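Asks: Dropping the structure in here first, questions after.
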Amino acid sequence: MKLLSDASEYALRGVVWLAQRKGQTFKLREISDGTKAAPGYLIKVLQSLAKAGIVSTQRGSAGGFALIREPETLTLLEVINAVDPIERIRTCPLGLKSHGTCLCPMHKRIDDAMAFVEETMGNSTVTDLMDGRAGSIPMSDGPLA
0 MKLLSDASEY
10 ALRGVVWLAQ
20 RKGQTFKLRE
30 ISDGTKAAPG
40 YLIKVLQSLA
50 KAGIVSTQRG
60 SAGGFALIRE
70 PETLTLLEVI
80 NAVDPIERIR
90 TCPLGLKSHG
100 TCLCPMHKRI
110 DDAMAFVEET
120 MGNSTVTDLM
130 DGRAGSIPMS
140 DGPLA
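Now the structure itself:
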């Protein structure tokens, strides 16, 4: 079971890679090669990050992508929410009418765990991730499946 979606992992890889090269603009292929992310999927992630105001994008021969937020203040939750927000459990995922809008003890514990993940990501910055203070997301040996 994966905690983060492929989109979230790609977004974190891309943002960290760009943060390590702050102030520079890179083509999709350079970011793809540097993060070992599939370019066809990475472009969609980068476009979502641009829409959220995390990266800039410029077309043309001198264009590309650049990080426009400060890694010291950009939280992991902001990056994740830009591409694939963490979903909390609000009603019974099994659709049991007897539960109504109240969560059973099992789903309440799962939602509490998701709240903890959300809080942890919200309290961790890209710089924390780069420095290893927020754990690590290793660059894989190849594109995600």
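Residue numbers for the sequence shown follow numbering that gives the first Met the number 0, so the first one is 0 and each next one is one higher.
Where is the CB? At the ideal position from N, CA and C, for every residue including glycine.
In this text the structure is predicted, and so the values were computed from the model without any measurement.
Do the segment 14–33 and the segment 52–65 make contact, defined as three or more Cβ pairs closer than 8 Å?
Replies: The segment 14–33, when compared against the segment 52–65, does touch it at the 8 Å Cβ threshold.
Asks: With a Cβ-Cβ cutoff of 9 Å, do R87 and M113 count as a contact?
Replies: Yes, they are a contact pair.
Asks: Going by beta carbon distance, what residues of the same chain come within less than 7 Å of I109, once the five residues before and after it are set aside?
Replies: The answer, listed in chain order, is I88.
Asks: Whole angstroms are fine: how far does the CA of I30 sit from the CA of E118?
Replies: Using only the alpha carbons, I get a separation of about 29 Å.
Asks: Restricting to Cα atoms, I'd like to know which of V78, T56, D5, G33 is closest to V125.
Replies: Of V78, T56, D5, G33, the residue nearest in Cα terms is V78.
Asks: Quick check: G95 and V14, are their CB atoms within less than 9 Å of each other?
Replies: In the sequence as displayed, the identity of residue 95 is Leu instead of Gly. Result no, Cβ atoms of L95 and V14 do not sit closer than 9 Å.
Asks: How about L11 and L102: do their beta carbons lie closer than 9 Å?
Replies: It is not a contact, given that the beta carbons lie outside the stated cut-off.
Asks: In the DSSP assignment, what are the bridge partners of F64?
Replies: Note: F64 sits in a beta bridge opposite F25, T56.
Asks: My output table needs one value for P142: the three-state DSSP class, helix, strand or coil.
Replies: Any reading at P142 needs caution, since the residue's pLDDT is 42, under 50, leaving its predicted position unreliable; the model's value is listed next. Of the three classes helix, strand and coil, the one that applies to P142 here is coil, per DSSP.
Asks: By how many angstroms is the C-alpha of H98 removed from the C-alpha of P104?
Replies: Roughly 11 Å between the two C-alpha positions.
Asks: With distances taken between CB atoms, is the gap from A81 to L48 smaller than 9 Å?
Replies: Closer than 9 Å, so yes.
Asks: Quick check on DSSP: helix, strand or coil for T148?
Replies: This structure does not reach residue 148, given that the chain is present from 0 up to 144, and the question cannot be answered.
Asks: Beta-carbon separation of A51 and Y9 under 9 Å?
Replies: Going by C-beta atoms, A51 is not nearer than 9 Å to Y9.
Asks: Given that a residue counts as buried once 16 or more other Cβ atoms are within 10 Å of its Cβ, and exposed if not, what is L2?
Replies: L2 is exposed by the Cβ-count criterion.
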